[in-house]
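Q:
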Amino acid sequence: MRRISGPDPLRSTNTPPSQVHRPNPITTPQDTPARPRSRRLEIALLTLIVAVPLATWIAWPHLPARGSPNPAFNGSSVYPASTLPFQSQSMGPAIEHPARISHVQIVDLDGDSHPEILACDALAHRLVSYKRGSDGEWTEHQISADMATPAHATVVDIDNDGDLDILVAILGSAFPDDSHVGRVLLLERNGDRYLRHVLLESTRRIADIQAGDLDGDGDLDLAVAEFGYARGRVLWLENLGQRRFRDHQLLYAPGTINVPLADLDGDGDLDLIANVSQDDEEIWGFENTGGGRFKKRLLHKWLNFDIGGSGLITSDLDNDGDVDLLVTVGDNLEYAYTYPQPYHGCFWFENTGGWSFTVHRISNLGGAHAASVTDLDGDGDNDVVLVSMFNAWHRDESASLVWLENDGHQKFTHQQIASEPTHLVTVATGDLDRDGRPDIVAGGWHVIPPFRRLGGVTTWLSGSGDRK
Amino acid sequence: MRRSRIILLIVLLGIDVAVFGWCIFERTSRPAPPRPPAAGMVDAETARDFRRLWVLAENPGPGDLLALGQAYAVYGFFPEADQCLEQAITLRPESAANWFWSGLVLNRLGQTARSTERLLEAARLDLGRVDECRYIAARNHLRDDAHQKAEAELRLIGPNHLAGQYLLAYLLVHTDRSTEAMPILDGLIAEHPEVHRLYQLRARAAEVLGKDEAARRDRETAERAPESIATDAVADHLGERSYEFGLESRIVGAGHLNTPGNLDSLANELTTILSISYRPRIARLLARIELRRRQPDAAVTLLEQLIQRDGATADTLIELALAMDAAQQDPLQVFLIFQQALQYRLDPEICRLMAPFIKERSEAADVDRIEALQKHAEGLQAFRANRLELATTLLEAAAPIAHQRQAESNFFLGECLWHLDRRESALEAYRRCLELRPHHGRAAERVERIDRKGEG
């Protein structure tokens, strides 16, 4: 304030010093009315000068964030809608609780030329079939109950008596368990009933059974995937007659999911393939060398611990007369919440002869869990149907069922059939409504959230759309 | 003079407003944390916790964005967790936890290269996490089919990180370098003789090297080694944090009520939790509390609902049978439920619980059979825990009795005796097994092997 008594720098420098107004530091009659106003203004300005930072400081922690976060990553698998029309329908009563359907297939169980759906219900521990009446309505029949988590059913006339029996792989527990809770069950058809026999017990969790004459003696032997948990095996069971089977170990490894049988080397006998997915992620072949002897061959291995092998089927995908393999990867059940991974999908193992295979990745479907091969669009080549267990289910558009259209040269284009129900683990194709077009059936296994868009057994009947 | 002061003050105020206005603009322009998921994606309690954390993260103190990111991650909202953790890193790049959790979340999103970068930065900031970060980074490299990079990372991991050492040995075995893997596996087995996966891997290596007998021995030992290796590091980290957020956190809080004087409060709290979101393990726990509160009918109802919703297991069936027994329901029904449980799992506890019912209703031979079955089940447990002397005693008691697993009792008795070097007795036990079940593959294989080599 010392400057009050000094020269006013705003005044004109031309003003003579005698005329320079010397302000009275106390008051003058001339400026009395103006001064309080300017003083008030000064005080107000000073207050504002202090208040602005103060208010900012006080408000600082409470200032809302109005900016947009970086766009969220989206790893879900979504594809263009199917050009083929399908009509979906849920089987059985409305789903109230998360279902656990471990296996579905389309099979003519009773030999009346009307195919049925056979499903393993691992939640209710039963085996059921669904039969379509002439009015198009489906009727559920319980074939067997109290089965301690059935994982897979194989329909075969094991006793060669002209009717179809059912072999059931009993997991014993849907969740990790290394104790001897598994069984190989035979449901022997006897008229309208099934008689239950235990063919093998005191084993760890059994995931798959397949039947075929493995030792060339004319009867049906069994291939068995003892999945276990930390320990497991691949077995073949030699049929000794009268429902007695001797077990032989082919491989000691936990986590075998599938053990399909096929003549992989074209020598006229059945070989065995094993899809191992636990400590190791491997595909093994067991070359049948005759007389119940097998030569073990490692066909493929992934060093990616996390790839999550989930399914293996055999099929001559390229119609060249030999047996190829289709392998799905996408199982991440070790996580409480899962997410589709860029390496998930489906591999075609093209059989090039002499136990050699060329591996082609034909799908990137996240959480892919099972495959089925059929000529869906009627153009004479094999298409592939895939289901996903672990897509990004928080997004409504994520695909749960897709088909891969084959251009005839094994170049595939994805088409999305459905995004619900979610968590599909098993799929089969066949002509359910006998219209000459393949239909689809799939099963849902809901053990990991979100528990929305639930489904048990669901069919997609093909419509009369754009077929070639 | 006064005018000039006023002008000066106006200029100052202008500067003030400009500077602080810019600050406020910048502050409000910062990215908002990602919104909690829509209603229906999670239960109401978790949604409330998400909102609470979101409000904190909107004006984040240290750790608030990290907490929201962790909450999203443990409930499976990985893209949203990624967004949170990006912001957390921007705000606090010095926090190793921010980088580490970002690395975990990116791993779950399949963004392996970014995940590895984040993890290695976390390792740089926090030396205590180095081995863990390198292990997950190695797994990321394997997911990218870059096994050489994975191996390089694993070779930097300290010798005390069992999962890392195991994975290194695994890589060596699976890239045709079993000879190099052998000394690593020998060292690990010497330090961790109870871990079955080490024997399984060494068996694989031995087989590759043509040492079939050594491979067989290791596989037999693996059957009796009870411990495993925690190789799913990311899943474990996510699981460990799940109890800090949402309904899981409330469940942990309910656990603190579990004292004899608080049973009513605990039952009320668990009932509320079940009404918010049905959790099978909470239903089981509540059923147990109801039994302790002498409310067996309520326990029966809870367990019946549980079995209908989540499927029966041996454990839930045992608990249902016990609740039905406490509720004085028809003993025959109780017995049948125990019997069903026994079909699901051969468990000595089920046998023990069934014995009184059998004593009341059946002949002495049936009592002997169930007691023998109990000893058989206990013997198997002892065998798997590598307690061979105890297993032998139990199986010797079970083997002569005609129970439903008598052949197996003899087989496992043979296994125990074989590993105890009592070869003659083992051979006898295998042969008894084959008398009872001529097509018992493993017993036949043992006898053939002994006969072939004259090992007996």
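So the protein sequences, as listed, match chains Y and X.
Numbering-wise (our numbering), the first sequence opens with residue 320 and increments by one.
Numbering-wise (our numbering), the second sequence opens with residue 858 and increments by one.
Backbone N, C-alpha and C fix where the C-beta goes; we use that ideal spot for every residue, glycine too.
Keep in mind that this is a model prediction, so the values were computed, not measured.
1. Flag Y/Leu720 as yes when its Cβ comes closer than 7 Å to any non-hydrogen atom of the ligand NAP, and as no otherwise.
2. Is there a C-beta anywhere in chain X that falls below 8 Å from the one on Y/Thr375?
3. Could you name the residues of chain X that Y/Glu361 contacts, counting a contact when the two beta carbons are closer than 9 Å?
4. CA-CA distance, X/Phe1192 and X/Leu1179?
5. Just verifying my parser: in three-state terms, what is the DSSP assignment at X/Ala1212?
6. How would you list, in chain order, the residues of chain X whose beta-carbon sits under 7 Å from the beta-carbon of Y/Asn393?
7. Can you tell me whether X/Ala1062 is buried or exposed? The criterion is at least 16 other CB atoms within 10 Å of its CB, across all chains shown.
8. If I measure Cβ to Cβ from Y/Ser421 and keep anything under 6 Å in the same chain, skipping five residues before and after, which residues do I get?
9. Tell whether a beta-carbon distance below 8 Å holds between Y/Ser463 and Y/Thr777.
10. Please tell me whether X/Glu943 has its Cβ less than 8 Å away from any Cβ of chain Y.
11. Would you please state the rounded distance, in angstroms, between the beta carbons of Y/Val704 and Y/Ser719? I believe it to be under 8 Å.
12. Is Y/Glu716 helix, strand or coil by DSSP?
13. Check the Cβ of X/Gly1096 against every Cβ in chain Y and list those closer than 8 Å, keeping chain order.
14. Checking contacts by CB at 8 Å: is X/Cys1273 closer than that to chain Y?
15. Provide the residue span of the beta strand (DSSP E) that contains Y/Glu545, from first to last.
16. Taking 8 Å as the CB-CB cut-off, is Y/Asn607 touching chain X?
17. Can you list the residues of chain Y that X/Cys880 reaches, using a CB-CB cut of under 7 Å?
18. Based on Cα-Cα distance, which residue from Y/Ile736, Y/Ala384, Y/Pro372 lies nearest to Y/Pro404?
19. Just verifying my parser: in three-state terms, what is the DSSP assignment at Y/Arg565?
20. By Cβ distance, which residues of its chain are closer than 7 Å to X/Pro1016, with the 5 residues on each side in sequence left out?
21. CA-CA distance, X/Ala826 and X/His1031?
22. Taking X/Gln1018 as part of the alpha helix (DSSP H), name the residues at either end of that continuous run.
23. Can you pull the chain X residues whose beta carbon is under 7 Å from the beta carbon of Y/Pro768, in chain order?
24. Measure the CB-CB distance between Y/Pro417 and Y/Val426 and report whether it falls below 8 Å.
25. Taking the CB atoms as reference points, tell me whether X/Arg926 and X/Val962 lie closer together than 8 Å.
26. Just checking my contact of X/Ala1248 with X/Leu1203 at CB under 8 Å: how many whole Å lie between their CB atoms?
27. List the residues of chain Y whose Cβ lies closer than 9 Å to the Cβ of X/Ser1122, in chain order.
28. What does X/Tyr1201 touch in chain Y if you count any residue whose Cβ is under 8 Å from its own?
29. Tell me where the beta strand (DSSP E) around Y/Lys730 begins and ends.
30. With respect to the beta strand (DSSP E) encompassing Y/Asn670, which residues constitute its N-terminal and C-terminal limits?
31. How many whole angstroms separate the CB atoms of Y/Val447 and Y/Thr745, which I take to be in contact at a CB cut-off of 8 Å?
32. Can you tell me whether Y/Ser498 is buried or exposed, with buried defined as 16 or more other CB within 10 angstroms of its CB?
33. Just the C-alpha distance for X/Arg949 and Y/Gly627, rounded to the nearest angstrom, thanks.
34. Mind listing the chain Y neighbours of X/Pro877? Cutoff is C-beta to C-beta under 7 Å, in chain order.
35. Where Y/Met466 and Y/Thr522 are concerned, what is the direct C-alpha to C-alpha distance, given to the nearest angstrom?
36. Helix, strand or coil: how does DSSP classify Y/Lys620 here?
A: Per the coordinate set shown:
1. Although the ligand NAP was asked about, the structure shown includes no ligands whatsoever.
2. yes
3. Arg859, Arg862, Ile863, Leu866
4. 10 Å
5. helix
6. Pro936
7. buried
8. Cys439, Ala441, Ala470
9. no
10. yes
11. Not confirmed; about 12 Å, so no contact.
12. coil
13. Ala655
14. no
15. 540–545
16. no
17. Thr375
18. Y/Ile736
19. strand
20. Gln1022
21. Summary: the structure shown does not reach residue 826 of chain X, with chain X confined to residues 858 through 1313, and so no result is reported for it.
22. Contrary to the premise, residue 1018 of chain X reads as His rather than Gln in this sequence. Counting along the chain, X/His1018 falls outside any alpha helix (DSSP H), and DSSP gives it neither H nor E.
23. Gly933
24. no
25. For the sequence presented, residue 926 of chain X should be read as Gly rather than Arg. Closer than 8 Å, so yes.
26. Not a contact, Cβ separation roughly 15 Å.
27. Ordered by position in chain Y, no residue passes the 9 Å Cβ test against X/Ser1122, which lies about 28 Å from the chain.
28. Ala467, Gly491, Ser492, Val500
29. Looking at the DSSP string, Y/Lys730 is not in any beta strand (DSSP E), and its letter there is neither H nor E.
30. 664–672
31. In fact, because the Cβ distance is near 14 Å, the residues do not count as touching under 8 Å.
32. buried
33. 36 Å
34. What sits at residue 877 of chain X in the sequence shown is Phe, not Pro. Those are Val371, Pro372, Thr375, listed as they occur along chain Y.
35. 15 Å
36. strand
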